[in-house]
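Structure record follows, encoded as C-alpha cells.
Set out below in C-alpha cells:
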C-alpha cells in the first residue's frame with residue numbers, strides 16, 4: 184500500500200513538472216530583458232523583473248531603471264487586433280452556445296419523447312468527432328460562401344465544437360436537479376416558465392461554468408483560426424501569435440503574448456475549480 188502511494192506521488196510530481204515547468208519558463212522570460220534572456224547559464228529564479236515586454240506588445244515604448252528604452256514591438260498592431268477579435272468571437276460564441284444549449288439540455292435531461300436516445304447518441308457522436316476532421320469540408324464550403332477570413336465564419340465553426348460538448352455536460356447537470364416539474368405544473372407553470380423561473384435559478388452555477396467553458400473553447404481555438412482567418416483582419420490571438428515564428432520575434436514579447444493567452448484559463452481554473460469539479464465532466468450523464 185505504501186509502495187503504491189509512493190508511486191502515485193512520484194507520478195504526480197513528474198506530471199506537474201512536465202506541465203508547469205514550460206509555463207513557468209516562458210512566463211519568466213516575459214519579465215526579463217534581452218541581456219538576461221541571452222545570458223548563459225540562465226537564472227532559474229531571476230533576481231530582477233521588468234514589465235517592459237507587456238508595454239511593448241501593446242505598442243508602447245518602455246524606459247527601464249537604467250535609462251535603456253525598450254521599443255514597442257513591431258507586431259503590436261497584430262497582437263491588439265488578434266486580442267480584439269478573440270474577445271469578440273469568444274463572447275458571441277458563449278452567448279449563442281448558452282442560448283441554444285440550455286433549453287436543449289433541459290429537454291434531453293427532464294423530458295421523455297420519441298427518438299430521445301437516438302438524438303442523444305447523435306450529440307455524443309458530435310462530441311467524439313475530432314474537429315480537425317471537418318476542416319477541409321468547412322474550408323471548401325466557406326470558399327463558396329465567402330466566409331473565409333470573416334469573424335461570422337469563425338463563430339459558426341466554433342459553435343460546432345462548443346454546442347455538442349456543453350450540451351453533453353449540461354444534460355448530466357440538469358438530470359441531478361430536484362424533480363420540480365410536476366409541482367410546477369400543479370402551480371400553473373408552463374414548461375417554459377418552469378425552465379426560466381424554477382430550473383435556471385437552481386442551475387445558475389452549472390450554467391455559469393458552462394458559459395465559461397464555452398468561452399475558453401472559443402478563446403483557445405487554433406486549428407480553424409489558422410486555416411480560415413490567419414493573415415486577414417479577422418485573425419484571432421492564437422493564430423496571430425503563431426505568425427510570430429516566421430518574423431524573428433523578440434523572445435520577451437513572444438513570451439508576454441503567450442502569458443496573455445493563458446491568463447483567462449488560469450483565472451478560471453483558480454476561481455472556479457470547485458464548481459467545475461461539481462459538474463462531473465468525466466461522466467456527465469451517469
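In the working numbering, the protein residues as written are 184 to 469. By construction, the Cβ of each residue, glycine as well, lies at the ideal position given by its N, Cα and C atoms.
Who are the Cβ neighbours of residue i in its own chain at under 6 Å, not counting the five residues just before and after it?
i	result
residue 399	448
residue 442	210 and 213
residue 378	289
Compare the C-alpha of residue i against each of the options and name the closest.
i	options	result
residue 414	406, 423 and 407	423
residue 420	313, 289, 200 and 271	271
residue 242	439, 451, 390 and 453	439
residue 293	240, 245, 382 and 226	382
residue 285	402, 319, 357 and 201	357
residue 266	240, 366 and 255	240
residue 208	195, 196 and 228	228
residue 394	237, 256 and 279	279
residue 252	235, 263, 405 and 387	235
residue 257	249, 201, 427 and 412	427
Quick check: what's the CA-CA separation for residue i versus residue j?
i	j	result
residue 408	residue 324	15 Å
residue 233	residue 259	18 Å
residue 335	residue 342	11 Å
residue 353	residue 374	18 Å
residue 245	residue 317	44 Å
residue 276	residue 189	44 Å
residue 372	residue 363	11 Å
Less than 8 Å between C-beta atoms, sequence neighbours within five positions excluded: which residues of the same chain meet that for residue i?
i	result
residue 203	none
residue 231	219
residue 454	none
For residue i, collect the residues of the same chain with a Cβ closer than 7 Å to its Cβ; drop the 5 residues on either side in sequence, then sort them by chain order.
i	result
residue 499	The chain is shown only over 184 to 469; residue 499 falls outside these bounds and no answer can be derived.
residue 347	306, 309 and 310
Just confirm the distance between the C-beta atoms of residue i and residue j, as a whole number of angstroms; I'd bet it's less than 8 Å.
i	j	result
residue 471	residue 452	Here the chain covers residues 184 to 469 and nothing more, so residue 471 does not appear.
residue 411	residue 331	6 Å
What alpha helix (DSSP H) runs, 4 residues minimum, are completely inside the stretch 242 to 295?
Counting only runs of 4 or more residues that sit fully inside the stretch 242 to 295, the alpha helix (DSSP H) segments are 259 to 293, in chain order.
I'd like the ranges of any beta strand (DSSP E) spanning at least 3 consecutive residues and lying wholly in the stretch 345 to 425.
none
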